[in-house]
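Structure record follows, encoded as structure tokens.
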Amino acid sequence: MNVLVTGNAGFIGFHTAKRLLERGDSVIGFDCVNDYYDPTLKEARLQELEATAAKTGSAYTFIRANLADRAAVKACFREHRFDRVIHLAAQAGVRYSIENPHSYVESNIVAFTNILEACRHAQAPHLTYASTSSVYGANTKMPFSEEDSASHPLQFYAATKRANELMAHSYSHLYRLPTTGLRFFTVYGPWGRPDMALFLFTRAMLAGEPIRLFNHGKHTRDFTYVADIVEGVLRASDQPAQPDPNWSSDNPGQSTSAAPWRLFNIGNNNPVTLEAYVNALEAALGVTAKRELLPLQPGDVPDTYADSSALKEAVGYQPATPVEEGVGRFVEWYLGYYG
Numbered sequence: 001m002n003v004l005v006t007g008n009a010g011f012i013g014f015h016t017a018k019r020l021l022e023r024g025d026s027v028i029g030f031d032c033v034n035d036y037y038d039p040t041l042k043e044a045r046l047q048e049l050e051a052t053a054a055k056t057g058s059a060y061t062f063i064r065a066n067l068a069d070r071a072a073v074k075a076c077f078r079e080h081r082f083d084r085v086i087h088l089a090a091q092a093g094v095r096y097s098i099e100n101p102h103s104y105v106e107s108n109i110v111a112f113t114n115i116l117e118a119c120r121h122a123q124a125p126h127l128t129y130a131s132t133s134s135v136y137g138a139n140t141k142m143p144f145s146e147e148d149s150a151s152h153p154l155q156f157y158a159a160t161k162r163a164n165e166l167m168a169h170s171y172s173h174l175y176r177l178p179t180t181g182l183r184f185f186t187v188y189g190p191w192g193r194p195d196m197a198l199f200l201f202t203r204a205m206l207a208g209e210p211i212r213l214f215n216h217g218k219h220t221r222d223f224t225y226v227a228d229i230v231e232g233v234l235r236a237s238d239q240p241a242q243p244d245p246n247w248s249s250d251n252p253g254q255s256t257s258a259a260p261w262r263l264f265n266i267g268n269n270n271p272v273t274l275e276a277y278v279n280a281l282e283a284a285l286g287v288t289a290k291r292e293l294l295p296l297q298p299g300d301v302p303d304t305y306a307d308s309s310a311l312k313e314a315v316g317y318q319p320a321t322p323v324e325e326g327v328g329r330f331v332e333w334y335l336g337y338y339g
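Counting with our numbering, you get residues 1 to 339 for the letters of the sequence shown.
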């Protein structure tokens with residue numbers, strides 16, 4: 001297939017594009033390679049994709065442009081015909097959304113509008129896009145289910161991703177554009193983002209510096225290994241969303257519709273405390289962490305826990321990589337990459 005992967009210089013986008021190339025698909029990557037974090041790491045990911053394409057013989061094209069540039073998006077869809085669109089570009093980061101909300105409007109609202117419009121006019125067979133577990137916000141009923149309300153986000157980042165889900169529904173309803181939203185739960189692994197906890201902890205521990213554990217390390221997170229996320233993304237993308245024949249407007253479900261629109265959680269279905277996460281990192285590095293225990297930060301949620309049963313029923317798969325194994329793979333990559 002000919003697949004557009006937006007954000008292919010980013011963490012999950014890179015891994016998704018690499019897997020597509022390895023299975024023989026043609027990939028068009030689209031990324032502006034901004035400086036939200038070290039562009040050197042993003043450029044290294046792009047080089048790895050070039051090497052993968054050369055090794056596998058799969059066709060690979062990279063477009064360096066901003067998805068908020070409507071003309072650039074139109075040109076991309078004019079020049080290429082896509083069997084699938086996988087939209088993983090976004091401004092990520094819970095805390096940064098408190099500092100710089102305008103960046104999230106451009107990257108998560110304007111850019112997503114441009115993708116929806118382009119898919120509509122090109123009659124794309126299926127748009128799959130990234131959402132986040134953060135949309136569950138103030139919910140405390142565990143595990144989080146797609147049938148739960150997602151009306152109380154606790155940060156602007158989550159609000160923009162919930163908006164994406166609703167925007168997609170309007171296009172699925174109006175134009176019969178098949179769309180699938182995937183709510184990712186705390187993704188980690190090799191080639192990760194330097195602003196994420198695992199990266200920050202590893203760097204500090206190797207330097208002999210203390211690590212900061214907010215909420216006194218009592219958070220629980222449904223840490224999900226990146227390869228498991230990618231498997232879920234590809235399986236969902238390969239099965240275009242269909243209208244739910246059992247959906248009722250008298251008692252409307254939250255994750256399906258009379259339109260070709262659906263939502264899935266992708267999480268490990270096994271929440272782990274932040275303290276246990278650090279223990280796994282200590283074991284992999286052979287270093288004991290110096291812990292600085294701090295209170296809960298504004299916008300943080302204490303716990304996340306995914307009910308991934310809908311994904312398993314729909315595509316026959318749910319994440320299962322244990323944290324100890326996933327953290328070990330990250331450490332192996334980190335030491336190899338940074339020496």
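Don't be surprised by glycine CBs; every beta carbon is placed ideally from N, CA and C.
Three-state secondary structure (DSSP) of residue 250: coil
Outcome for residue 127 when other beta-carbon atoms lying within 10 angstroms are tallied against a minimum of 16: buried
Rounded separation between residue 242 and residue 211 - CA only: 46 Å
Top-ranked residue by Cα proximity to residue 119, from 236, 78, 55 and 51: 78
Residue 169 in three-state terms, based on DSSP: helix
Span of the alpha helix (DSSP H) around residue 103: 101 to 104
Through-space distance from residue 221 to residue 277, alpha-carbon basis: 9 Å
Backbone secondary structure at residue 38 - three-state DSSP: coil
Local Cβ density within 10 Å of residue 138, reported as buried at 16 or more and exposed below that: exposed
Close Cβ partners of residue 175 (< 8 Å) along its chain, the five nearest in sequence each way excluded: 120
Backbone secondary structure at residue 333 - three-state DSSP: helix
Helix, strand or coil at residue 131 according to DSSP, with G and I counted as helix: strand
Buried/exposed call for residue 43, threshold 16 Cβ in 10 Å: exposed
Residue environment, residue 225, which counts as buried when at least 16 other CB atoms sit within 10 Å: buried
Residue 279 - DSSP class collapsed to helix/strand/coil: helix
Residue range of the unbroken beta strand (DSSP E) whose run includes residue 15: No beta strand (DSSP E) holds residue 15; the alpha helix (DSSP H) holding it covers 11 to 22.
Between the CA atoms of residue 90 and residue 214 - distance to the nearest angstrom: 25 Å
Under 7 Å between C-beta atoms of residue 262 and residue 315: no
Beta bridge counterpart(s) of residue 265 as assigned by DSSP: 183
Collapsed DSSP secondary structure at residue 114 in the structure displayed: helix
The stretch 58 to 68 touching the stretch 148 to 163, judged by at least three CB pairs closer than 8 Å: no
Cβ-based neighbour list, residue 288, same chain, cut-off 7 Å, excluding 5 preceding and 5 following: 282
DSSP beta-bridge partners of residue 2: 26
DSSP-derived helix/strand/coil call for residue 317: coil
Contact check, residue 274 vs residue 216, beta carbons under 7 Å: no
Residues that residue 136 bridges to, as DSSP identifies them: None, per the DSSP bridge assignment.
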